[in-house]
Each structure stands twice: as C-alpha cells, then as structure tokens.
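Trainee:
In the working numbering, the protein residues as written are 2 to 173.
#1: Going by DSSP, what residue range makes up the alpha helix (DSSP H) through residue 31?
#2: Take the Cβ of residue 35 as the centre, count every other Cβ of all protein chains shown within 10 Å, and call the residue buried at 16 or more, exposed below.
#3: Which class does residue 7 belong to by DSSP, given the choice of helix, strand or coil?
#4: At which residues does the alpha helix (DSSP H) containing residue 43 begin and terminate?
#5: Using beta-carbon positions only, say whether residue 29 and residue 52 come within less than 8 Å of one another.
#6: Does residue 125 pass the burial test, meaning 16 or more other C-beta atoms within 10 Å, or should it be called exposed?
#7: Could you compute how far the alpha carbon of residue 87 sits from the alpha carbon of residue 9?
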C-alpha cells in the first residue's frame, strides 16, 4: 500500500498515532494467544488485564484521532508484530511450561516498553501542538502502561526465582 504523504508535524503525529493504534491491536492478539499458553494464575490474570487495558487504549487513540478530524491509517506496527512472532516461535519450539511462561512474561514486558516509549513521545508532541485533551488521554494510556509494567516485572521476578530454584535442583 502506498504511504500517505507527510508534509506537516500533524501528518507525522497522525502516522505515529496510527502506528501505536496498530501496535495495540497486535498486542491484544498476542495477549489473547499468550493467555492460552500459560498455567500460572497470576500471569494469566495479568495478561487478561493487560489485554483489556490495551483494547481501551486503542479506543483512546481513536478518540484522539477523531478530535483531530482523522482516523487511523491502515498501517502495521512492525515492532509489535515482531514481538508477537518471537513469542509464536518460542511456543512452537515445544518448550517446557516454565520456559514458555518465562517467554510470555518477557514478551509482555517488551510490549510495555514499546508502548511506554510511544506514549511518552506522543504525550510530549500533543502538548507541544497545544492538543491538551489529546495529551490527557495519551497520558492516561501511558500511566496504565507504566503500572502494568511494574505488575509484570513482579510476576517475572517470581517466575525467575522459581526457574532458578528448578535449575539448582536439577544441577544437584
């Protein structure tokens, strides 16, 4: 598909919003797939919450675009798609349940970092462009992403300790 001409800062802002909107959609799919792969109830619950928040965040992006008289461009967030493909590759390699859960939580954490980077940039850009309401919606998304990252890192730390204990037991 031919790319849209970008000649103004607003054009670039719309493109970046569209990319993050695509990313949220891909991450929603990835999280749905990931929930089916894991047994750990805390991880499963965290993934479900992340998925629900990502669906709302996509709607917030749509609202920002509507405020600007725009809609999301039909583009693909290749960074998010790469994270999804990496997780699929691990899942297809017949990993142990512990390894699979480690890969799932790592993929979810990577997706949070991707989203945090995108929202941090877009909040600043919206503020600079005088788009106060847009900046507030994007800031809400950013705060949710930061909170979810902390939750996922706690789960990851617990899973890592469990895996280390298993590795120590099998080395004896």
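Just so you know, even glycine gets a beta-carbon here, dropped at the ideal spot from N, CA and C. Note that the structure is predicted; figures quoted are calculated from it, not measured.
Mentor: Well, looking at it:
#1: DSSP places residue 31 in the uninterrupted alpha helix (DSSP H) bounded by 10 to 36.
#2: It is buried - the Cβ of residue 35 has at least 16 other Cβ atoms within 10 Å.
#3: In this structure, residue 7 counts as coil in the three-state DSSP scheme.
#4: Going by DSSP, residue 43 is part of the alpha helix (DSSP H) stretching over 42 to 68.
#5: Going by C-beta atoms, residue 29 is nearer than 8 Å to residue 52.
#6: Exposed, since its Cβ has fewer than 16 Cβ neighbours within 10 Å.
#7: One alpha carbon belongs to residue 87, the other to residue 9, and they sit about 35 Å apart.
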